[in-house]
Structures are given as structure tokens and as C-alpha cells.
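Report on the structure given below.
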Amino acid sequence: MPPRTHRLILVGDSRKERSAAALTLHAPWLARRFDVVTRDTDGTADLSRVRADLAVIFGGDGSILSLARRLGGNPVPVLGVNTGRLGFLADVPLDAFRETLGRLLRRPLRTSDRMMIEVSIRGRDGATRSALALNDAVIARGSVSRMVHLALTVGDDPLTLVSGDGLILATPSGSTAHSLSAGGPIVHPEIEAILVTPVCPHALAIRPMVLPADRAVRIRLAKKNGDVMLTVDGQEVLPIEEGDTLTIRRAPKPFRLVESGSLSWNSALRDKMGFGGAFTDRLR
998 MPPRTHRLIL VGDSRKERSA AALTLHAPWL ARRFDVVTRD TDGTADLSRV
1048 RADLAVIFGG DGSILSLARR LGGNPVPVLG VNTGRLGFLA DVPLDAFRET
1098 LGRLLRRPLR TSDRMMIEVS IRGRDGATRS ALALNDAVIA RGSVSRMVHL
1148 ALTVGDDPLT LVSGDGLILA TPSGSTAHSL SAGGPIVHPE IEAILVTPVC
1198 PHALAIRPMV LPADRAVRIR LAKKNGDVML TVDGQEVLPI EEGDTLTIRR
1248 APKPFRLVES GSLSWNSALR DKMGFGGAFT DRLR
């Protein structure tokens, strides 16, 4: 097993039954083998400046999304141990955690660097708010079922006005999340791109787009018929006012996800999301 010189960030939501049970079982074991520099059991710790060799998180994919934002570009590699439902990002089975960790630390860690996006909102008064996303940023109407009108610019070139339920700005990691449900393409996480997926557009000719990651996307709320919200990774919500301009660009630093070897991206797509369906079953 590794020497205590390995510095570890330990993360898990103690308010969730399965995560709390995993922490109770494994935290003492980890503390005997590692220098646990930070424990975050309520999802509130600022981890952007914590120096560590590895972060271990007991949770589901949503917990990893939250952790990615709180790391804020901190290059600590993250090992996700699945105590949630899907386990697309948190891919290490809980019952294989100790064996997997020991195997991984016998050699240099392999990581998958996942592109994140940075979203900034500039109001008419010049005030700016910002957020990071690992999966997506969704601009959508509120509780009243009225169309949202969004002026879309790619780079410095105005593109079109999108009227409908909203827009999803996704990373390749997020291409298998909300964007997929809205008809967006699946993009391999090693590709760097920004996906723009309309949600129920009121036009036959508006289609999802895959844009270069070095191209900023600007969206202005052209007309407000009711509440319009920006939701980041399905967890952080910011109101948008008429005249606000959103700028979405590639974040300066990626999120580093440890490649555990438990499940390849192809296998996860097929086995966890049913890619190929019955046809895949016939090939086995």
C-alpha cells in the first residue's frame, strides 16, 4: 500500500445514506494509509487551493459535478467511487474500491482531462456573475410556459435568434446528459468542443451544433416573457434578465478524472446507457 506521503482529499455527502455508510467504513482505513489533508462531508468546502495528490469521492455523478466546480481548476486527480445510481463518471464499484485504489497507486495515475466551460453573465449595469460547469449550462424558461428568445453569436459573428424553451451549452462530458435528451449528439470526452443544443425550438431549421472549443459563444436574452433561469450542472441556478449577455467559453483548466480501468467509455455508453439497444445484445 502507498506510504503516508500521499496527500488525500476525502469527499462524501454525510447526509446521504450510502455515502455516509461508505465514509464510515473506509475513512478510518484511508486515514491509516494516507495523509488526509481535507475532509469535505457537506459539499461546502472551497477546494480550489488545497494541495493534494488525489481526491477520493464517495457519491454519484452529481457529486462529481459539484466537486469539479469546487475544485475550480485545481489539478488534483479525482477518483469517483459510485454510491449513486448511474456511475458514468463515478465508475469504481464500492465493493472494489480498496483493491482498485491499491492497483492504481502501484504506477503513475492515468487521468482523463475533461474540458469544463466557464459561463459569465453581464447585466445591463455592467455587473458580472460567473460559474464553472463540467457537464452543461442550461438557459430555460421558468414556471410559466412561454417561449424564450435568445440571440446567438459565435465568435464575433451573429448567427441567429433561437425561440423556444431554451438552449443547452454542453461539454463533451455533458453530451450524454441533458443535451442527449434534447436530441444533441454524443461527443467523445477526449474531443474539445462546445455543444449548442436547442430545447424545443419553434423553427424547423434550428439544429444542434458542435463548435470549436476556442470559439466563445455569446447569448443575449432578447425578449423576456417570464422568468428565465441559467442552471449550471443541474445544481446551481442564476436568474437572467432581459438584456443580459451570457458568454460561454472553454475554462482555462480541465477537470482531471482518474481512469480506474473499471469501465471503458464505450462500455459505459453501452452498458449503463443502453447504446445500441437490442442490436448490441444480438452481437454478444
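Taking the working numbering as reference, the numbering of the sequence shown is continuous, increasing by one, and the terminal residue is 1281. C-beta: ideal position from N, C-alpha, C; glycine also. Model, not experiment: these values are computed from the prediction.
In terms of Cβ geometry, Val1116 and Ala1128 form a close pair [threshold 7 Å].
Exclusion of the five residues before and after Met1144 leaves Ser1160, Gly1161, His1199, Asn1222 as the residues of its chain whose Cβ lies within less than 7 Å of its Cβ. For Gly1120 and Asp1241, the gap between their C-alpha atoms comes out near 5 Å. The residues Val1089, Ser1257, in chain order, have a CB closer than 6 Å to that of Thr1097 in the same chain once the five nearest residues on each side in sequence are set aside. Secondary structure at Leu1022: helix, using DSSP grouped into helix, strand and coil. Bridge partners of Ile1136 according to DSSP: Leu1164, Leu1227.
Of the candidates Arg1029, Pro1195, Asp1211, Pro1195 places its Cα closest to the Cα of Leu1158. Residue pairing by DSSP places Phe1252 opposite Arg1111 in a beta bridge. Around the beta carbon of Met1270, fewer than 16 other beta carbons sit within 10 angstroms, so the residue counts as exposed. In the displayed model, Lys1221 falls within coil according to three-state DSSP, outside both helix and strand.
The beta-bridge partner set that DSSP reports for Val1234 consists of Thr1228. The distance from the Cβ of Val1073 to that of Ile1114 is about 20 Å, inconsistent with a contact at the 8 Å cut-off. Excluding five sequence positions before and after Val1141, the CB atoms of its chain that fall closer than 6 Å to its own CB belong to Gly1223, given in chain order.
At a Cβ-Cβ threshold of 7 Å, Val1033 and Ala1049 do not count as neighbours. Residue ranges of uninterrupted beta strand (DSSP E) with 3 or more members, entirely inside the region 1012–1068 and ordered along the chain, are 1032–1037, 1051–1056.
Annotation for Leu1083: no beta strand (DSSP E) segment contains it, and DSSP assigns it neither H nor E.
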